[in-house]
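Undergrad: Start counting at 1 in the sequence shown, then tack on 275, and there's your number in this note's numbering.
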Amino acid sequence: MDAAGPNQTTPLTARELREHIEDAFISVSPTVVDLLDAAIRSHARPVVFAALNRLPPRRFESVADVLRELPDLPDGPVNP
């Protein structure tokens, strides 16, 4: 694994997903399309897009709201 971040074979974690979508919550409650746009802007890995495409078509109130729809994601490592 690259020290700079996850590589293409590293499993997606809730932490990584959060890093790529949190900017979508700056204004109104985002839709899946808004979350995908945030992931594009942050240069997310394909696995992030795959997870976002599993979400139901609705608005989300918070990152925690998104993560409740993806309960299989591990939390991932915590920064020191």
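C-beta atoms are modelled at their ideal positions from N, C-alpha and C, and glycine is treated no differently.
Give a yes or no on whether the C-beta atoms belonging to Pro332 and Glu344 are separated by under 8 angstroms.
TA: Here residue 332 refers to the residue found at position 57 of the sequence shown. Here residue 344 refers to the residue found at position 69 of the sequence shown. Result no, Cβ atoms of Pro332 and Glu344 do not sit closer than 8 angstroms.
Undergrad: Could you tell me the alpha carbon to alpha carbon distance between Ala289 and Pro349, rounded to whole angstroms?
TA: Taking the first residue of the sequence shown as 1, we reach residue 289 at position 14. Taking the first residue of the sequence shown as 1, we reach residue 349 at position 74. Answer to the nearest angstrom: the Cα atoms are 6 angstroms apart.
Undergrad: Nearest-angstrom Cα distance between Leu327 and Val307?
TA: On the sequence shown, residue 327 is found 52 positions in, with the first residue counted as 1. On the sequence shown, residue 307 is found 32 positions in, with the first residue counted as 1. For Leu327 and Val307, the distance between alpha carbons rounds to 7 angstroms.
Undergrad: Which parts of the stretch 298-335 are runs of the alpha helix (DSSP H), unbroken and 4 residues or longer, counting only runs that do not cross its ends?
TA: Those alpha helix (DSSP H) runs which fall completely within the stretch 298-335 and span 4+ residues are 307-316 and 321-327.
Undergrad: Assuming contact is defined by CB atoms lying nearer than 8 angstroms, are Ser304 and Phe335 in contact in what I supplied?
TA: The count along the sequence shown starts at 1 and reaches residue 304 at position 29. The count along the sequence shown starts at 1 and reaches residue 335 at position 60. Yes, Cβ-Cβ distance for Ser304 and Phe335 is below 8 angstroms.
Undergrad: Does the distance from the CB of Ala299 to the CB of Leu310 come in under 8 angstroms?
TA: As a first step, residue 299 is located in the sequence shown; it is residue number 24 there, counting from the start. As a first step, residue 310 is located in the sequence shown; it is residue number 35 there, counting from the start. Cβ distance < 8 angstroms, so Ala299 and Leu310 count as in contact.
Undergrad: What residues in its chain sit with their C-beta under 8 angstroms from that of Ala314, if we drop five residues either side in the sequence?
TA: On the sequence shown, position 39 is the one that residue 314 refers to. Around Ala314: His295, Ile296, Val323, Phe324 and Leu327.
Undergrad: Start and end of the alpha helix (DSSP H) containing Gly294?
TA: Here residue 294 refers to the residue found at position 19 when the sequence shown is read from its first residue. Here residue 294 is Glu; the residue named in the question, Gly, does not match the sequence. Element bounds for Glu294: Ala289 to Ile296.
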